[in-house]
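Q:
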Amino acid sequence: MRSGGASVTLLWVAAIAIMVALAGCATPRSRVATPPPEPMADAIQRGPASWYGEPHHGRRTASGETYDMHQLTAAHPTLPFGTRVLVTNLKNDRSVEVRINDRGPHVAGRIIDVSYAAAQKLDAISGGSFPAWIRVLSVPPR
4 MRSGGASVTL LWVAAIAIMV ALAGCATPRS RVATPPPEPM ADAIQRGPAS
54 WYGEPHHGRR TASGETYDMH QLTAAHPTLP FGTRVLVTNL KNDRSVEVRI
104 NDRGPHVAGR IIDVSYAAAQ KLDAISGGSF PAWIRVLSVP PR
C-alpha cells in the first residue's frame with residue numbers, strides 16, 4: 004500500500020510540475036504601448052534660436068545626411084527628421100522654411116539650430132543667437 008501512495012503522490016507532483024511549466028509558457032496579454040503624439044502641423048514653439056556653420060560643414064548629421072551649411076536645414080531636439088518648419092526671427096520678422104535633418108541645439112534653452120544659409124535669410128548671422136518662433140508646416144509620414 005505504501006508504494007501505491009507514493010506513486011499517487013508522485014503523479015500529483017508530476018501533474019503540478021507540468022501545470023507550472025505550461026503556465027510559464029503561456030503568452031501574456033499583449034500590452035500595446037500608446038505611441039507618442041504626432042507633432043501637429045501649426046504647432047508653435049517660441050524661444051532663443053541659433054545657427055551653425057563652418058565647423059560642422061561636411062560632417063554627418065544625426066539623420067545620417069552630410070551637413071551642408073548652404074542648404075535650408077535645421078536641428079531640433081524632438082521633431083522627426085524631414086519635418087518642415089517655418090522659423091521667424093522675432094527681431095526683424097524675417098522667415099524661412101527649413102527641413103529638420105539633425106538633433107540639437109546643444110545649448111540649454113535654445114529651441115532650434117538653423118543652418119548658415121537659413122541664418123542668412125533670417126538676417127541672424129551677426130548675433131549668433133536670436134529670438135524666434137517656429138511653426139511646424141508638415142510632418143513626414145511614418
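Going by our numbering, the first residue of the sequence shown is number 4, and it counts up by one from there.
Ideal placement from N, C-alpha and C gives every residue a C-beta, glycine not left out.
(1) When you compare only the Cα positions, how much space is there between F133 and G56?
(2) By the three-class DSSP mapping on this structure, what secondary structure does I103 have?
(3) Along the chain, where does the alpha helix (DSSP H) containing Y55 start, and where does it finish?
(4) Buried or exposed: which applies to M4, given that a residue is buried once 16 or more other Cβ atoms fall within 10 Å of its Cβ?
(5) Would you call T76 buried or exposed, if buried means 16 or more other Cβ atoms sit within 10 Å of its Cβ?
(6) According to DSSP, what are the bridge partners of F133?
(7) Are I115 and A78 touching if we call contact CB-CB under 8 angstroms?
A: From the atom records:
(1) 16 angstroms
(2) Correct three-state label for I103: strand.
(3) Where Y55 is concerned, there is no enclosing alpha helix (DSSP H), although the beta strand (DSSP E) it sits in stretches over I47 to Y55.
(4) In this prediction, M4 has a pLDDT of 49, which is less than 50 and means its spatial position is unreliable; what the coordinates show is noted afterwards. Of the other Cβ atoms in all chains shown, fewer than 16 fall within 10 Å of the Cβ of M4; this residue is therefore exposed.
(5) buried
(6) A52
(7) yes
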